[in-house]
Structure formats: structure tokens, C-alpha cells
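**Q**
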Amino acid sequence: MVCRRRQFLAAALGSRLLDASVFDRSRLAIIADEAGDTPEEWVSFAHRYRLTHLEMRAIIQSGHPVMLDDLPAAELRSIAARLASEGIKVSFFNSALLKYTLPGTVPVAKEDWYESLYARRRLTPEILYRTRRERLRRALEAAHILGTNLLRTFTFWRVRDPRSLYPRLVDLIGEMGEEAKSANMKLLVETEFATNAATSAEIRDLLALLPSPSIGINWDPQNSLVLEPDVFPAGYRKLPRNRIWNVQLKAEGLFGVNGKNKLPWGEIFHTLRNDGYQGLFGLETHFGQGAANFAMSRRAMEEVIRLAGAG
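Residue numbers for the sequence shown follow the working numbering, so the first one is 834 and each next one is one higher.
1) If we call anything under 8 angstroms between Cβ atoms a contact, is A891 one with W875?
2) Rank N1126, H1103 and G1123 by C-alpha distance to the C-alpha of D857 and give the top, closest one.
3) Would you mind listing the alpha helix (DSSP H) stretches within the stretch 960–1046 that are 4+ residues and don't spill past its ends, in chain order?
4) Closest to L935 by C-alpha separation, out of Q1081, G896, Y962 and R1139, would be which residue?
5) Got a sec? Which residues, its chain only, sit under 7 angstroms from G1144 by beta carbon, not counting five neighbours each side?
6) Can you name, in chain order, every residue of its own chain whose Cβ lies under 7 angstroms from the Cβ of R1055, other than the five neighbours on each side?
7) M1134 and I863: beta carbons closer than 8 angstroms?
8) Do you know whose CA, among M1018, S1015, P1044 and A972, lies nearest D1004's CA?
9) Pick out the complete beta strand (DSSP E) segments inside the stretch 1101–1134, 3 residues or longer, and give them in chain order.
10) Kindly indicate the opening and closing residues of the beta strand (DSSP E) around S928.
11) Using C-beta distances below 8 angstroms, list every residue in its chain close to S1047, excluding the 5 sequence neighbours before and after it, in chain order.
12) Consult DSSP for G1049 and reduce its assignment to one of helix, strand or coil.
13) Which residue wins for smallest C-alpha separation from Y933, given the options E1035, Y1110, E1117 and N1029?
14) If you follow the alpha helix (DSSP H) that I912 is in, where does it begin and where does it stop?
15) Pair every Cβ in the stretch 897–908 with every Cβ in the stretch 964–977, then say whether three or more of these pairs are closer than 8 angstroms.
16) Looking at V1022 and T988, is the spacing between their C-beta atoms short of 8 angstroms?
17) What are the boundary residues of the beta strand (DSSP E) that includes E888?
18) If we count the other Cβ atoms within 10 Å of its Cβ and call it buried at 16 or more, is A1031 buried or exposed?
19) Helix or strand or just coil, what does DSSP make of N1079?
20) What is the DSSP secondary structure of K1093, reduced to helix, strand or coil?
21) Measure from the alpha carbon of F1120 to the alpha carbon of each residue in E1100, V1090 and W1098, then state which is nearest.
22) Report yes or no: do three or more beta-carbon pairs, one from the stretch 1108–1123 and one from the stretch 1067–1078, lie closer than 8 angstroms?
23) Alpha carbons only, please: which of L1105, N1051, D1063 and P1073 is nearest the one belonging to N927?
24) Counting along the chain, where does the alpha helix (DSSP H) carrying L1087 start and finish?
25) Is L1072 near W1098, with beta carbons less than 8 angstroms apart?
26) So which of E888, N1126, Q1122 and F1026 has the shortest CA-CA distance to A1159?
27) Check for me: the beta strand (DSSP E) holding P898 runs from which residue to which?
28) Strictly by DSSP, which residues pair up with L861?
29) Quick check on G1068: buried or exposed, where buried means 16 or more other Cβ atoms within 10 Å of its Cβ?
30) Should S1033 go down as buried or exposed, given a rule of 16 or more other Cβ atoms within 10 Å for buried?
31) Just to confirm the assignment, what range does the alpha helix (DSSP H) spanning E874 have?
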């Protein structure tokens, strides 16, 4: 009887220990500009939380955000060298490819942050679309310099009937996927409520038309929640799980806002582990601007570490 009791306790304890360690810190990251304004602040944040990876997106210059793929190659090399000297790798490059109005369409949703960015640089939808191949090449080069082969794209600002654009999206993203493949890169389409791949069903059906092994998903369930209240678990079950190559999470989903919009991230971590997910998790805090957002990033990363069992 004593022996059996000990075996039971050992099994229970072993199960708990296994349960506690879902993903270690090598699987966690944060979008660098959510951690601070400068590479020094990015490095400091990574060391504070013993992170080995950061995601890249933008940097503040002259008081305004600049997308990293708009920087000269020399500046990117300097950033890459600084991170490498601190033992930090880049897990994902968050470009803004196709995150604008497709010329000839009428959007029903946009994001002010990106629209302001384009306005400052006098980039109209027509200019962005006309220069899309050049912008893709610059994004691929930036990702390569920074040391990642995973690059984000979108599906244009959302129209009333997103599926009506699928034939054009298949042509455009398919072409981009071929370019990425030739550069030994992978293109990840993000689930984003303001674009034409907002819900699990939409991204599933779009990717079914894009079978290229170079095209996958950057899954951000918080983005889908606006249009898909049951994004997890029901929405998740619709996804081609072998094509989820990066996952992002927000402070809102970790803590909720006024009792709403909280996602069961502990359960999500466990489910992804059990489903054999091989990628990383990137924190995109998205909680205001400046010091308030950076403070929330610290609180949110502590919660991510706790929920992932990465203590």
C-alpha cells in the first residue's frame, strides 16, 4: 500500500513538473520597439528577462517611428551586430507589407498608426502598391541582415466582402512567396482584424489556395477576437496547425480590459505544446505609447513567463 501511494504521488508530482514547464525562455520574445526606443533598451529588456530572442519591427528616430526595412543596410548591420554581441537572436521580422488600401477598393477598417506613418512619408496606396516588389526585396534584405528567415505580410485593409479579393490575394501573395522562397525565407500572413484575413476561417481558406511551403501563418488570436469571439479553442481548431510558424500575444489578452477580451493563454500554451508547435511566442504589448507601454511590457512579460512555465 505504501509503495503504491509513493508511486501515485511520484506520478502526480512528475505530471505537475512536466505541466509547469510548457515552453522555456528560448521560445519567448518581444517585439523590440515594445521594450524600448533604442537598441540599448532592447538589449537591457532581453537580459532582464533572460530572453534569447527579439522580434524586429520599428525604431524611433527624430521622435517618430521608422520601419526597420526603411533603414539603410549599414544601420541594420549595426543593430544586428549589437544584438549578436549580446547573444540575442532575431526570431521574426514584422514588416508592414500589404498593410494598406488595395487601390480600387473601399476599406471598412484601417489602423491609424500605419496611416499616420504613410502620411508622414507621403506614401499613398498607389505608391505603396506600385513599389510593392521593391518593398518586398527591402524587407527580405532587412530580415536577412538581422538574421531571421521569417517575414510578416498582411492582406490589405479590410473590405466589406474579403473573400471577393481572394483571387487577387492569391496572385499577389503567391508571387511574394516565390520571391521569399528564392531568398530562403518564409512569408507569414498575419491574422489581423483590419485586414482581409481576420478570422480563423478566413486565414484557413486563403492558405488553402496558397499551398506553397514558403507561406504560413503569424497567429495573433487577439487580433481575431474582434470578429471571432471564440477564437480559442474553436477558431484555433480550424487552422492548419502545421502552418503556424509564429505566435503573437498582447497585454490585453493576458489581463483583459474592463473584464473583457482576456484569452486563456495558459491553456493556449499547453494546447500548442501538445500539438507539437515548434515556433516562438512574441509579445506585442500594444498598450498605449512610450513609458506606459514599456511598463506594461515588463508586467506582461512576467505574466507570459509565468503562464508558459518558463520561470
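Just so it is clear, CB atoms sit at the ideal spot from N, CA and C, and this is done for glycine as well.
**A** With the given structure in hand:
1) Along the sequence shown, one-based indexing puts residue 891 at 58. Along the sequence shown, one-based indexing puts residue 875 at 42. Their beta carbons are not under 8 angstroms apart, which means A891 does not touch W875 by this criterion.
2) Here the question's residue 857 lines up with position 24 in the sequence shown. It is H1103.
3) 965–979, 999–1015 and 1033–1041
4) Numbered from its first residue, the sequence shown carries residue 935 at position 102. Minimum Cα distance to L935 is reached at Y962.
5) Within the sequence shown, the letter at position 311 stands for residue 1144. Excluding sequence neighbours, G1144 sits near I1138.
6) The residue you call residue 1055 lines up with position 222 of the sequence shown. In the sequence on display, residue 1055 carries Gln and not Arg. The beta carbon of Q1055 lies closer than 7 angstroms to those of L1082, K1083, E1085, G1086 and L1096 in the same chain, with the five residues before and after it left out.
7) Residue numbering aside, residue 1134 sits at position 301 when the sequence shown is read from its first letter. Residue numbering aside, residue 863 sits at position 30 when the sequence shown is read from its first letter. Contact: yes.
8) Position 171 of the sequence shown, counted from the start, is the residue given in the question as residue 1004. For the options M1018, S1015, P1044 and A972, the alpha carbon positioned closest to that of D1004 is the one of P1044.
9) 1113–1116
10) Position 95 of the sequence shown, counted from the start, is the residue given in the question as residue 928. Element bounds for S928: K922 to L930.
11) Position 214 of the sequence shown, counted from the first residue, corresponds to residue 1047. G1010, E1011, A1013, K1014, M1018, K1019 and L1020.
12) To locate residue 1049, count along the sequence shown from 1; it is residue 216. Three-state DSSP puts G1049 in a strand.
13) Along the sequence shown, one-based indexing puts residue 933 at 100. Comparing Cα-Cα distances from Y933 to each of E1035, Y1110, E1117 and N1029, the minimum goes to N1029.
14) Sequence index remark: in the sequence shown, residue 912 carries index 79 (1-based). Looking at the DSSP string, the run of the alpha helix (DSSP H) that includes I912 is A906 to S918.
15) yes
16) Start at 1 with the first residue of the sequence shown, and residue 988 comes out as number 155. Start at 1 with the first residue of the sequence shown, and residue 1022 comes out as number 189. In contact: T988 and V1022 (Cβ atoms closer than 8 angstroms).
17) As a working mapping, residue 888 is identified with position 55 in the sequence shown. From DSSP, the beta strand (DSSP E) with E888 extends over H886 to M889.
18) Along the sequence shown, one-based indexing puts residue 1031 at 198. Per the 10 Å Cβ criterion, buried.
19) Position 246 of the sequence shown holds residue 1079. In this structure, N1079 counts as strand in the three-state DSSP scheme.
20) In the sequence shown, residue 1093 corresponds to position 260, counting from 1. Of the three classes helix, strand and coil, the one that applies to K1093 here is strand, per DSSP.
21) In the sequence shown, residue 1120 corresponds to position 287, counting from 1. Measuring from the Cα of F1120, the nearest candidate turns out to be V1090.
22) yes
23) Locating residue 927 in the sequence shown gives position 94, counting from the first residue. Comparing Cα-Cα distances from N927 to each of L1105, N1051, D1063 and P1073, the minimum goes to N1051.
24) The count along the sequence shown starts at 1 and reaches residue 1087 at position 254. Note, L1087: alpha helix (DSSP H), A1084 to F1088.
25) By one-based count along the sequence shown, residue 1072 stands at place 239. By one-based count along the sequence shown, residue 1098 stands at place 265. Not a contact, by the Cβ cut-off of 8 angstroms.
26) Because the chain in this structure spans residues 834 to 1144, residue 1159 falls outside the shown range and cannot be described.
27) Position 65 of the sequence shown, counted from the first residue, corresponds to residue 898. Annotation for P898: the continuous beta strand (DSSP E) segment containing it runs H897 to M900.
28) Counting from one through the sequence shown, the residue named residue 861 turns up at place 28. F1114.
29) Sequence index remark: in the sequence shown, residue 1068 carries index 235 (1-based). G1068 is buried by the Cβ-count criterion.
30) Here residue 1033 refers to the residue found at position 200 when the sequence shown is read from its first residue. Classification of S1033: buried, given that the 10 Å Cβ count is 16 or more.
31) As a working note, residue 874 is residue 41 in the sequence shown. Start and end: P872 to R881.
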